[in-house]
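A.B. asks: Here's a structure for you.
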Amino acid sequence: MLPPHFTFRQHNLHCEDLPLAQLAEQFGTPLYVYSATAIRERALAYQQTATSGALTCYAVKANPNLHILRQLGQLGMGADVTSGGELFLAQQAGIPAERILYSGVGKTRAEIQTALQAGIFALHVESAEELLAVADVAQQIGCVARVGVRINPQVAAATHPYIRTGTFQYKFGVPATEGVQLLHWASTHPHLQPVGIAAHIGSQISEIEPFVQSAQLLCQLASELRAAGVPLEYVDVGGGLGIPYEKTAPHPAEWVQAVAQVLAGAGLRLVMEPGRSIVGPSGVLLTRVQYNKRNPLKQFVIVDAGMTELIRPTLYQAYHPITPIVQSFRPTQVVDIVGPICESSDYLARERELPQVQAGEVLAVMLAGAYGFAMSSNYNGHLRPAEVLVEGGQAKLIRRRETLADLLHTLP
Ligand code: LLP
């Protein structure tokens, strides 16, 4: 099953109306290719399903390409940023400050100051000490900081432990009771304005129920706070909706409906922070086969992309569907698809059934639009790949491939 806007036409895999083979020739490999239409449709699923007044802040970390941020900003989306760097990118993409929220456990005072001076929608604090730091910086620069508190809702969701966040094993958020106390305290401080309560239970979660549970808790805490004289503006249910890498996942519209229903009638604005579910299925990584080789145990297909371009298989044993971009009717074999990096953990797929391929053929690693380029590196002297955005029959280079000169760029 291919994601929307990726189709085989006359045995050639296309992104929208362009054959991927043509893009691999024109721009080289490894190459990230995104469908602008797919991104737009998935973004609109959030924007249009949500109740009026809702704010969708795209999680920039999933794919921080400026052109993609700009496209999402033009659809009315905000940004969820997690560093001064992402704040800068969101601003460069023209996303208005009043739609930018800042999450993360370790904001520096310099980052807090920049965010306050920019006048962002809210800072989400994740500890009592951080709240004190925000109060202090706000006082120094003479402003009132709009703050939310991220709680850790104690909702365990089925996903890889490295991307699970909603229980006390993990560093994220504060316990609910502490969150309520912090918002209370903020309401008494002249330089703080408590505006929201947030949770994010993890990523690549393919059931709706844990999100509903977390949203219910947030609403309950907000209503306790209101009763205690601390009315909040919004509840932020986070991001985290999974995509169908291997098994099915709910559509964003279904997810939005479910969480919006929890808030119905509560007089609270709904804020969401989706990342993967917007860009993930909208992108592929093209990689060219270099060599085939076998040993007594295994058959390997060696390709020109590896953990430096897409680290998800290495880091989370993640599964991405992989297909030759020109359909062949050769017999299949079970192979490890591996990259050129000097690490045994450098693989894109293990024990995968793939039609026999020859050097020079191009493979598409599907659903690679999120946490793909974003987590790429120069390890082993690899140059980061180019990125191309396709709309209809048009392809636009939205990031050039790095050159050797880029490896020297930051040296004094
Ligand atoms: N909000 C917060 C506070 C987050 O930490 C994240 C993701 C999101 C929103 C967006 O979650 P999404 O909708 O994309 O699931 N590198 C990992 C995923 C790490 C997610 C980190 N936080 C991966 O490749 O699976």
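Basically my numbering = 1-based index in the sequence shown + 1143.
Ideal placement from N, C-alpha and C gives every residue a C-beta, glycine not left out.
#1: Between residue 1556 and the ligand LLP, is the CB less than 7 Å from at least one heavy atom?
#2: According to DSSP, is residue 1530 helix, strand or coil?
#3: Which residues bound the beta strand (DSSP E) around residue 1156?
#4: With hydrogens ignored, establish whether the beta-carbon of residue 1335 is closer than 7 Å to any heavy atom of the ligand LLP.
#5: Can you tell me whether residue 1415 is helix, strand or coil according to DSSP?
#6: Do you know whose CA, among 1368, 1363 and 1284, lies nearest residue 1334's CA?
#7: Would you mind working out which of 1204, 1150, 1179 and 1163 sits nearest residue 1517, comparing C-alpha positions?
#8: Report yes or no: do three or more beta-carbon pairs, one from the region 1329-1344 and one from the region 1280-1295, lie closer than 8 Å?
#9: Going by DSSP, which residues form a beta bridge with residue 1556?
#10: Taking buried to mean at least 16 other C-beta atoms within 10 Å of its own C-beta, is residue 1624 buried or exposed?
#11: Taking 6 Å as the limit between beta carbons, can you name the residues of its chain near residue 1392, skipping five residues before and five after?
#12: Is residue 1445 helix, strand or coil when you go by DSSP?
#13: Quick check: what's the CA-CA separation for residue 1351 versus residue 1552?
#14: How about residue 1202: is its Cβ closer than 7 Å to a heavy atom in the ligand LLP?
#15: Checking 8 Å against the spacing of the C-beta atoms, do residue 1375 and residue 1368 come in under that value?
#16: The alpha helix (DSSP H) that contains residue 1203, what's its start and end?
#17: Below 7 Å, is the gap between the Cβ of residue 1181 and the nearest heavy atom of the ligand LLP?
#18: Which of helix, strand or coil does DSSP assign to residue 1342?
#19: Report the partner residues of residue 1436 according to the DSSP bridge assignment.
#20: List the residues that DSSP assigns as beta-bridge partners of residue 1250.
#21: Could you tell me whether any non-hydrogen atom of the ligand LLP is closer than 7 Å to the CB of residue 1514?
#22: The alpha helix (DSSP H) with residue 1375 in it runs from where to where?
#23: My guess is that residue 1459 and residue 1306 are in contact by the Cβ rule of under 8 Å, so how many angstroms apart are they, rounded?
#24: Buried or exposed: residue 1415, going by 16 or more other Cβ atoms within 10 Å of its Cβ?
#25: I'd like the span of the beta strand (DSSP E) that includes residue 1245, first residue to last.
#26: Considering Cα atoms alone, identify which of 1366, 1440, 1471 and 1428 is closest to residue 1101.
#27: Rounding to the nearest angstrom, what Cα-Cα distance links residue 1238 and residue 1473 in this structure?
#28: What are the boundary residues of the beta strand (DSSP E) that includes residue 1476?
#29: So what's residue 1279 in DSSP terms, helix, strand or just coil?
#30: Is residue 1420 buried or exposed, if buried means 16 or more other CB atoms sit within 10 Å of its CB?
C.D. replies: Reading from the atomic positions:
#1: The chain is shown only over 1144 to 1555; residue 1556 falls outside these bounds and no answer can be derived.
#2: Taking the first residue of the sequence shown as 1, we reach residue 1530 at position 387. Residue 1530 falls in the strand class under three-state DSSP.
#3: Here the question's residue 1156 lines up with position 13 in the sequence shown. Under the DSSP assignment, residue 1156 falls in the beta strand (DSSP E) whose first and last residues are 1155-1158.
#4: Within the sequence shown, numbered from 1, the residue matching residue 1335 stands at position 192. No; taking the cut-off as 7 Å, the Cβ of residue 1335 has no heavy atom of the ligand LLP nearer than that.
#5: Locating residue 1415 in the sequence shown gives position 272, where the first residue counts as 1. Of the three classes helix, strand and coil, the one that applies to residue 1415 here is strand, per DSSP.
#6: Translated into the one-based positions of the sequence shown, residue 1334 becomes position 191. Nearest in C-alpha terms to residue 1334, of all of 1368, 1363 and 1284, is 1284.
#7: The residue labelled residue 1517 in the question sits at position 374 within the sequence shown. Ranking 1204, 1150, 1179 and 1163 by Cα distance to residue 1517 puts 1204 first.
#8: A contact exists between the region 1329-1344 and the region 1280-1295.
#9: It is not possible to answer for residue 1556, since the shown part of the chain is limited to 1144 through 1555.
#10: Outside the displayed range of the chain (1144 to 1555) lies residue 1624, so it cannot be described from this structure.
#11: For the purposes of this step, residue 1392 is taken as the residue at position 249 of the sequence shown. 1349, 1385 and 1386, listed in sequence order.
#12: Residue mapping note: residue 1445 aligns to position 302 of the sequence shown, counting from 1. Residue 1445: strand per DSSP, three-state reduction.
#13: Mapped onto the sequence shown, residue 1351 falls at position 208. Mapped onto the sequence shown, residue 1552 falls at position 409. Using only the alpha carbons, I get a separation of about 45 Å.
#14: Locating residue 1202 in the sequence shown gives position 59, counting from the first residue. Annotation for residue 1202 indicates a beta carbon within 7 Å of some heavy atom of the ligand LLP.
#15: Indexing the sequence shown from 1 puts residue 1375 at position 232. Indexing the sequence shown from 1 puts residue 1368 at position 225. Result yes, Cβ atoms of residue 1375 and residue 1368 sit closer than 8 Å.
#16: One-based indexing of the sequence shown puts residue 1203 at position 60. Here residue 1203 belongs to no alpha helix (DSSP H), and DSSP marks it neither H nor E.
#17: Numbered from its first residue, the sequence shown carries residue 1181 at position 38. Not so, every heavy atom of the ligand LLP lies at least 7 Å from the Cβ.
#18: Here residue 1342 refers to the residue found at position 199 when the sequence shown is read from its first residue. Looking at residue 1342 - three-state DSSP - the assignment turns out to be coil, as it is neither helix nor strand.
#19: Residue numbering aside, residue 1436 sits at position 293 when the sequence shown is read from its first letter. 1443.
#20: As a working note, residue 1250 is residue 107 in the sequence shown. DSSP lists no bridge partner for residue 1250.
#21: Taking the first residue of the sequence shown as position 1, residue 1514 is located at position 371. For residue 1514, the CB falls within less than 7 Å of some heavy atom of the ligand LLP.
#22: Residue numbering aside, residue 1375 sits at position 232 when the sequence shown is read from its first letter. Per DSSP, residue 1375 lies in no alpha helix (DSSP H) segment and is marked neither H nor E.
#23: Your numbering for residue 1459 matches position 316 in the sequence shown. Your numbering for residue 1306 matches position 163 in the sequence shown. Going by Cβ atoms, the distance from residue 1459 to residue 1306 rounds to 7 Å, so yes, they are a contact pair.
#24: Here residue 1415 refers to the residue found at position 272 of the sequence shown. Buried: at least 16 other Cβ atoms inside 10 Å.
#25: Position 102 of the sequence shown, counted from the start, is the residue given in the question as residue 1245. Taken as a continuous stretch (DSSP letters only), the beta strand (DSSP E) holding residue 1245 covers 1243-1245.
#26: Any answer about residue 1101 is impossible in this case: the structure gives the chain only from 1144 up to 1555.
#27: The count along the sequence shown starts at 1 and reaches residue 1238 at position 95. The count along the sequence shown starts at 1 and reaches residue 1473 at position 330. So the two alpha carbons sit approximately 48 Å from each other.
#28: In the sequence shown, the residue the question calls residue 1476 occupies position 333. Annotation for residue 1476: the continuous beta strand (DSSP E) segment containing it runs 1475-1481.
#29: By one-based count along the sequence shown, residue 1279 stands at place 136. Reduced to three states, the DSSP call for residue 1279 is helix.
#30: Residue mapping note: residue 1420 aligns to position 277 of the sequence shown, counting from 1. Around the beta-carbon of residue 1420, 16 or more other beta-carbon atoms lie within 10 Å, marking it buried.
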